[in-house]
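First comes the structure, then the notes that go with it.
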Amino acid sequence: MLAKRVGYHRHLLALCAIALTAFFFIILANSVQASDSVNGSLNQTLMTKEDAAQMMIATVAVDINDSSFRMHQYPALIDAGSKVRQAVTDESKASEYLACERQSWLFFIDLSPGAHFAHPAIIALLDAVSGDIKSMDAEWWPVIEVPVFDSTAKRQDPSMIVFER
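Okay, structure coming up:
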């Protein structure tokens, strides 16, 4: 009788271990999928920095009629969920922004290179997945507003927790 009970408990423990393992993998898969969707990539191929620059030159730069201008490219992809606005001294204009739906390349087109005052410029985002371009007129350089601690995974990341009670 004791042998049957011990055998039963072993089977029960084995089933619990299997269930916990399956549960762990389901949670892990969902967190990876959520992480991908937060970054906006979902395992889609992202346009390289060089390809993004060539696309902007071929589609945007050719349509600018100014005799001189300079196109700048931010060196890293901007994360999905980030907002880009112009640096302004007039706070009433601070509410105008471009939103990154997916990872995007940021471009700043200075229509009066070397000018040290407010002057015409263009801020543009090129979606690194679709190639869609959003732009806005500006008078100042771009400012990137990045959300932080915006997901449960980020708020539970041990590397970001410095104290907890």
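Residue numbers for the sequence shown follow our numbering, beginning at 41 and rising by one.
Every residue, glycine too, gets a C-beta built ideally from N, C-alpha and C.
Just so it is clear, the structure is predicted and the values come from calculations on it, not from any experiment.
Item                                                                                                                                                                                                           : Value
In terms of residue numbering, what span does the beta strand (DSSP E) encompassing Arg142 cover?                                                                                                              : Run containing Arg142: none; DSSP gives neither H nor E here.
Please confirm whether Phe109 and Ser175 have their CB atoms less than 9 Å apart.                                                                                                                              : no
Using 8 Å as the cut-off, can you tell me whether the segment 88 to 102 makes contact with the segment 121 to 131, which would need three or more C-beta pairs spanning the two stretches below that distance? : no
Let's test the definition: count the other Cβ atoms within 10 Å of the Cβ of Asp172 and tell me whether it reaches 16, buried, or not, exposed.                                                                : exposed
What number of angstroms, rounded off, separates the C-alpha of Ala139 from the C-alpha of Val169?                                                                                                             : 15 Å
Please check the pair Pro182 and Gln113, which I expect to be a contact at CB under 8 Å, by giving their CB distance rounded to whole angstroms.                                                               : Not confirmed; about 11 Å, so no contact.
Could you pull the start and end residues of the beta strand (DSSP E) that Phe176 belongs to?                                                                                                                  : Here the sequence assigns Met to residue 176, which means Phe is not the residue at that position. Note, Met176: beta strand (DSSP E), 173 to 178.
In chain order, which beta strand (DSSP E) runs of at least 3 residues are fully inside the segment 150 to 175?                                                                                                : 161 to 167
Check for me: the beta strand (DSSP E) holding Gln113 runs from which residue to which?                                                                                                                        : 110 to 113
Please classify Val128: does DSSP put it in a helix, a strand, or coil?                                                                                                                                        : coil
Could you tell me whether the segment 85 to 95 touches the segment 142 to 156, where touching means 3 or more Cβ pairs closer than 8 Å?                                                                        : yes
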